[in-house]
């Protein structure tokens, strides 16, 4: 149900998502869908929260894999994981969060909170890298905005089938890291 809702949100937007379509794509009766979700907004909220949790899990796994490494390597791991999320695992993230259509007021604050949870992971590593002298970016906040711009835009043009060995993704990660480490 959640996956069906996300697919429809990506293809049709919030306004175009109907309970009937989600039920049909999930191969269940509409009444069954109402058993789990009291409204379209409840389903949308659950779908967005699940997607956010999945993305944060992937980023957390990337940080865990780089535990004990300098901030530069942890950020590189995060950037690579985010790029993989956007281009391979969950391309719908870009549509729903990076280039979102207007959301109804009842979802605006929760979406902002989801973005803040996501961005905090990157900001903490960058702040640590700046404090330790690893990163030489003059304005970390601007560098982070640019980083997310690079990654979000890559979700438009970088497709897994055109980069099966990941060389282009690796090049994007290398270039994105130049925002923080110039030497």
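Numbering (the working numbering), first residue to last: 146 to 328. Backbone N, C-alpha and C fix where the C-beta goes; we use that ideal spot for every residue, glycine too. Owing to the predicted nature of the structure, the values given are computational and were not obtained by experimental measurement.
Fully contained in the segment 201-266 is no beta strand (DSSP E) run of length 3 or more. Put simply, the backbone Cα of residue 321 is about 9 Å away from that of residue 221. Between residue 170 and residue 149, the gap from beta carbon to beta carbon is short of 7 Å. Closest in C-alpha terms to residue 196, from the list 242, 300, 226 and 310, comes 242. The distance from the Cβ of residue 280 to that of residue 326 is about 6 Å, consistent with a contact at the 8 Å cut-off. In terms of Cβ geometry, residue 251 and residue 209 do not form a close pair [threshold 7 Å]. For residue 174, the secondary structure class from DSSP, reduced to helix, strand or coil, is coil. Contact between residue 155 and residue 200 is ruled out by a C-beta separation of about 14 Å, above the 8 Å threshold. Cβ-Cβ distances below 8 Å link residue 205 to 266 in the same chain, with the five nearest sequence neighbours on each side left out; the list follows chain order.
The alpha-carbon of residue 153 is positioned some 21 Å away from that of residue 257. Across the structure, residue 168 and residue 255 are spaced so that their CA atoms are roughly 24 Å apart. It is roughly 6 Å from the alpha-carbon of residue 300 to the alpha-carbon of residue 239. Nearest C-alpha to residue 263 among 172, 324 and 198: 198. Of 276, 159, 308 and 271, the smallest CA-CA separation from residue 290 is found for 271.
Per DSSP, the unbroken alpha helix (DSSP H) holding residue 313 starts and ends at 312-322. In the structure shown, residue 194 adopts helical secondary structure according to DSSP, grouped into three states.
In this structure, the CA atom of residue 288 is about 23 Å from the CA atom of residue 212.
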